[in-house]
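Participant: Using this note's numbering, read the sequence shown as starting at 182 and increasing by one per residue.
Glycine residues also receive a C-beta, built at the ideal position from the N, C-alpha and C atoms.
Please read all numbers here as calculations on a predicted model, not as lab measurements.
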Amino acid sequence: MTFLTEERRMIQEQAREFTLNEVLPVANKLDPEKGDIPMDLRNKMAELGYFGILIPEEYGGLGLGCSEYCIVAEELSRGWMSVGSIIARGNLLIGSHKMSEEQRKRYLPRMAKGEFLGAFSMSEPNAGSDISNISCRAKKDGDSYLISGNKYWCTFADGADFMIIIARTSEAPPGKRHLGLSMFFVEKKRGELMPGCSGSPIPKIGYFGWKTWELAFDNCRVKAEDMIGEEGQAFYYATAGLETARAHTAARAIGLAQGALDDSIRYAGERRQFDKSISEFQAIRFKIADMATQIEAARQLNYFVCEQIDTGQRCDKEASMAKLFASEMAERVCSEGIQIHGGAGYTTLHSVERHWRDARLTKIFEGTSEIQKRIISDRLLGRGRN
Ligand SMILES: Cc1cc2nc3c(=O)[nH]c(=O)nc-3n(C[C@H](O)[C@H](O)[C@H](O)COP(=O)(O)OP(=O)(O)OC[C@H]3O[C@@H](n4cnc5c(N)ncnc54)[C@H](O)[C@@H]3O)c2cc1C
Numbered sequence: 182m183t184f185l186t187e188e189r190r191m192i193q194e195q196a197r198e199f200t201l202n203e204v205l206p207v208a209n210k211l212d213p214e215k216g217d218i219p220m221d222l223r224n225k226m227a228e229l230g231y232f233g234i235l236i237p238e239e240y241g242g243l244g245l246g247c248s249e250y251c252i253v254a255e256e257l258s259r260g261w262m263s264v265g266s267i268i269a270r271g272n273l274l275i276g277s278h279k280m281s282e283e284q285r286k287r288y289l290p291r292m293a294k295g296e297f298l299g300a301f302s303m304s305e306p307n308a309g310s311d312i313s314n315i316s317c318r319a320k321k322d323g324d325s326y327l328i329s330g331n332k333y334w335c336t337f338a339d340g341a342d343f344m345i346i347i348a349r350t351s352e353a354p355p356g357k358r359h360l361g362l363s364m365f366f367v368e369k370k371r372g373e374l375m376p377g378c379s380g381s382p383i384p385k386i387g388y389f390g391w392k393t394w395e396l397a398f399d400n401c402r403v404k405a406e407d408m409i410g411e412e413g414q415a416f417y418y419a420t421a422g423l424e425t426a427r428a429h430t431a432a433r434a435i436g437l438a439q440g441a442l443d444d445s446i447r448y449a450g451e452r453r454q455f456d457k458s459i460s461e462f463q464a465i466r467f468k469i470a471d472m473a474t475q476i477e478a479a480r481q482l483n484y485f486v487c488e489q490i491d492t493g494q495r496c497d498k499e500a501s502m503a504k505l506f507a508s509e510m511a512e513r514v515c516s517e518g519i520q521i522h523g524g525a526g527y528t529t530l531h532s533v534e535r536h537w538r539d540a541r542l543t544k545i546f547e548g549t550s551e552i553q554k555r556i557i558s559d560r561l562l563g564r565g566r567n
C-alpha cells in the first residue's frame, strides 16, 4: 500500500507551498532577531486547519491521523522547526484524551481553530529525563489546589492561552516514584504568566519564534475541576501519547534536514570555484547523495511508524527508533549542509545554520537520544538496571 495516497499528496503539496510562500520569509527575518512567530502567520495556519489535524471532526478538527499530522509538520519544519512545532500546541495535548466530555466540548473546538493554544510544564530543574522526580506540589485547598515549586523549560509559557502543569499531589509510595503526580489544565491570559507564577526566559541557542521559560509557582491557585483524569495518574497520561509525539519530532527533524539539503543543492549550483560550479566536484556531489539517502531512510521509517499508530498497532520501540534515527541524521545532514556552504554556512545569512541549531535540539527534547536507546534496548534485551 502506498503511504502517500492522493489525498496525502495534496495535503503535502499545500503545506509545502504554504511553507515556501509564508513560513520561510518570516523565519529568515525573525529567527536571527529572535522574534516571536507572528499572529498573522498563526491565523493563516489556523485557516488551513493545522492546529486541529488530530482533533475529531465532531469537535471542529480535521479528524485525520498521525500520518497527515507528520506530513504537515515535516513540510512546515522545512521552513522553520518552531512553526512545525507550534501545531502540537493545539493538536497534541498530552492528556487531552483523558479530558472529560465537558472539558473536550469546552476546549477542543477552540484549540482546533488555533485560537486557544497551550504550554506544557512538566520538566523541572531536577526532573528532565527522570520525570518521576517531579517535586512541584499541588496542595488541596477547598475546591482549589495551590501549586508551589519550580519548573524549567516551559516553552510558550507567556504566549499560551492555557498551561498543562504536572505537579505532585501526594507522596509516592516507596519504590513507585512515578505515582502521586497529577495533571492540571489551566486557562490563562495570553501574553502573560498566570497569577502566582513568575519567571524568566532561558537564554537558548535556537528554537526561536517563541520563548522557553524558567518558572516559579508560589501558591498558584487552580480549580480542582481543572485536573485532567484521575488524581495521581499523570505519569501514565504524560507517557501515553509519546509515540505520536516522537513521530512528530522525527518529522520535524526530517523536514529541517530536507530544508538544509534543498538549500545546499541550490547553493552548490550557484557557487563557483576553480572556474566551475562546486556541484561539479565529486566531493560535493557525494555529500548531497549521502544527505538525501539518510533523509529518505528516516522518512520511510517514520512513515511506517505513522501507519502503525494510525492502525492502532503497538510501536513504542519503532517510534523511539524513528525519533533517534531522524534526529541524529538531521544534525549530521545539517552539518554537511554548512560544509557545502563553506564560510557562508557559518553566517546567519543562510537558513542552513538555523536548521543546524534546531536539529541539535531534536536529539534532546521529547526524550534524549540516550533515553530512546534505553527504550529500544529494554525492548530487545529486557529491562536493564539503569
Ligand atoms: C529548548 C527546549 C525546550 C523545551 N521545552 C519543554 C516544554 O515545553 N515543556 C517541558 O516540560 N519540557 C521542555 N523541555 C525539556 C526537555 O524535555 C528536557 O530537556 C529533556 O527531557 C532532557 O532533560 P534534561 O535537560 O534535564 O537532561 P537530563 O535528563 O539531565 O540529561 C542529561 C544527560 O544525561 C543523559 N541521561 C539521563 N538519564 C539517563 C539514563 N537513564 N540513561 C542514560 N543517559 C541518561 C541524557 O540523555 C543527557 O545526555 C525543553 C527543553 C529544551 C532544551
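Between Gly246 and the rest of its own chain, which residues show a CB-CB distance below 8 Å, the 5 nearest in sequence each way excluded?
Facilitator: Shown here for Gly246: same chain residues with a beta carbon closer than 8 Å to its own, the five before and five after excluded, namely Leu235, Cys487, Ile490, Asp491 in chain order.
Participant: In angstroms, rounded to a whole number, what distance separates the CA positions of Arg358 and Ile312?
Facilitator: 9 Å
Participant: Count the other C-beta atoms from every protein chain shown that fall within 10 angstroms of the C-beta of Lys286, then say buried if there are 16 or more, exposed otherwise.
Facilitator: exposed
Participant: Are the CB atoms of Thr430 and Trp334 within a distance shorter than 8 Å?
Facilitator: no
Participant: I'd like the list of long-range same chain contacts for Arg189, defined as Cβ closer than 7 Å, with 5 residues on each side in sequence excluded.
Facilitator: Ser248, Glu249, Ile252
Participant: Verify the contact flag: Thr425, CB atom, against every heavy atom of ligand 1, threshold strictly below 7 Å.
Facilitator: no
Participant: Are the CB atoms of Val514 and Gln481 within a distance shorter than 8 Å?
Facilitator: no
Participant: Hey, which residues come within less than 6 Å of ligand 1, measuring from Cβ to any heavy atom, in chain order?
Facilitator: That query returns the following residues: Phe301, Ser302, Met303, Ser304, Gly309, Ser310, Trp334, Cys335, Thr336, Lys385, Tyr388, Thr393, Leu542, Ile545, Phe546, Thr549, Glu551, Ile552, Arg555, Asn567.
Participant: Whose C-beta lies closer than 6 Å to the C-beta of Leu205 among residues of the same chain, with five residues either side of it excluded?
Facilitator: Gly260
Participant: Taking 7 Å as the limit between beta carbons, can you name the residues of its chain near Gly361, skipping five residues before and five after?
Facilitator: Arg349, Thr350, Ser351, Glu352, Ala353, Gly413
Participant: Could you check the C-alpha separation between Gln195 and Pro382 for me, to the nearest Å?
Facilitator: 34 Å
Participant: Just the C-alpha distance for Ala293 and Arg433, rounded to the nearest angstrom, thanks.
Facilitator: 20 Å
Participant: Measure the beta-carbon distance from Lys332 to Ser363 and round it to whole angstroms, keeping in mind my assumption that it falls under 8 Å.
Facilitator: Contact between Lys332 and Ser363 is ruled out by a C-beta separation of about 14 Å, above the 8 Å threshold.
Participant: Whose C-alpha, out of Gly523, Glu509, Tyr326, Ser532, is nearest the C-alpha of Phe546?
Facilitator: Glu509
Participant: Just grab the DSSP bridge partners of Phe301 for me.
Facilitator: Ile345
Participant: If you draw a straight line from the alpha carbon of Arg291 to that of Phe297, how long is it in whole angstroms?
Facilitator: Each residue's CA atom was taken as its position, placing Arg291 and Phe297 some 5 Å apart.
Participant: Relative to the C-alpha of Phe337, which candidate in Ile386, Gly390, Ile435 has its C-alpha closest?
Facilitator: For Phe337, the nearest C-alpha among the options comes from Gly390.
Participant: Quick one: grab the DSSP three-state call for Gly380.
Facilitator: strand
Participant: Cβ of Gly295 within 8 Å of Cβ of Ala208?
Facilitator: no
Participant: Report all residues from its chain with a CB closer than 8 Å to the CB of Leu222; omit the five preceding and five following residues, and keep chain order.
Facilitator: Glu203, Val204, Val207, Val264
Participant: In angstroms with no decimal places, state the Cα-to-Cα distance between Tyr231 and Pro237.
Facilitator: 13 Å
Participant: For a minimum of 4 consecutive residues, which ranges assigned as the alpha helix (DSSP H) are wholly contained in the segment 410-488?
Facilitator: Within the segment 410-488, the complete alpha helix (DSSP H) runs of at least 4 residues fall at 415-421, 423-451.
Participant: At the level of alpha carbons, what is the spacing between Leu505 and Asp324?
Facilitator: 43 Å
Participant: What residues are listed by DSSP as bridge partners for Thr393?
Facilitator: Thr336
Participant: Between Asp497, Leu542, Asp456, which lies nearest to Lys554 when the distance is taken from Cα to Cα?
Facilitator: Asp497
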